[in-house]
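Asker: Residue numbers (the numbering used here): 139 to 297.
1. Taking only runs of the alpha helix (DSSP H) that begin and end inside the segment 171-222, which ones reach a length of at least 4 residues, in chain order?
2. Should residue 251 be labelled buried (16 or more other beta-carbon atoms within 10 Å of its own) or exposed?
3. Can you list, in chain order, the residues of its chain with a C-beta nearer than 6 Å to that of residue 172? Leave out the 5 residues immediately preceding and following it.
4. State the DSSP-derived secondary structure class of residue 277, mapped to helix, strand or coil.
5. To which residues of the same chain is residue 218 closer than 8 Å at the C-beta, ignoring the five residues directly before and after it?
6. Any idea what DSSP makes of residue 228, helix, strand or coil?
7. Would you call the segment 268-280 and the segment 174-191 in contact, with 3 or more CB pairs under 8 Å?
8. By Cβ distance, which residues of its chain are closer than 7 Å to residue 260, with the 5 residues on each side in sequence left out?
9. In the DSSP assignment, find the alpha helix (DSSP H) that holds residue 245 and state where it starts and stops.
10. Here's a check: name, in chain order, each residue in its chain whose Cβ is nearer than 7 Å to the Cβ of residue 229, leaving out the five neighbours to either side.
11. Going by C-alpha distance, which of 262, 275, 242 and 198 is nearest residue 170?
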């Protein structure tokens, strides 16, 4: 009989492999992730609202892009390879507001649509990005305003 920890580990591994296989079946493989990360951050760097925020904080763009690729592989393939604290980093940015998250999400969706390989992939990755943006904005608002600031409106991220 298999021990409970081994069954849990086996279940987790199976779920991770299934998530990755599902993503790959609609075109979300490592090359797709690498491409959209590169194209997206090229847009961010050139954006007049977001570019300065990133420019002030990122000295080594190749290292940042690799970190973002690990992040998105973790999100989309459940790879477990990302090690970082996105919430802490975003909460630390003074002046970060809804308009920044809206712009980030608009650029993200534009990038996905421009490089679309499969409509389902665009929808899946876009939905994950929206969830992440909502979570980060909620965390920023909670940090600054307590529970009163924790409710963001659905209309904020309608793209």
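For glycine and all other residues, C-beta sits at the position ideal for the given N, C-alpha and C.
Answerer: Judging by the given coordinates:
1. With a minimum length of 4 residues, the continuous alpha helix (DSSP H) runs that stay inside the segment 171-222 are 189-195 and 199-215.
2. Here residue 251 is exposed: its Cβ has fewer than 16 other Cβ atoms, across all protein chains shown, within 10 Å.
3. Close CB contacts of residue 172 within its chain, under the 6 Å cut and outside five residues either way in sequence, are with 207 (chain order).
4. DSSP places residue 277 in helix when its eight states are reduced to three.
5. The beta carbon of residue 218 sits closer than 8 Å to those of 154 and 212, all from its chain and outside the five residues before and after it, given in chain order.
6. Here residue 228 sits in helix by DSSP.
7. Segments in contact, no.
8. Excluding positions up to five away in sequence, the list reads 250, 251 and 254.
9. Looking at the DSSP string, the run of the alpha helix (DSSP H) that includes residue 245 is 236-252.
10. For residue 229, where only same-chain residues beyond five positions count, the Cβ hits under 7 Å are 277, 278 and 281.
11. Among 262, 275, 242 and 198, the Cα nearest to that of residue 170 is on 262.
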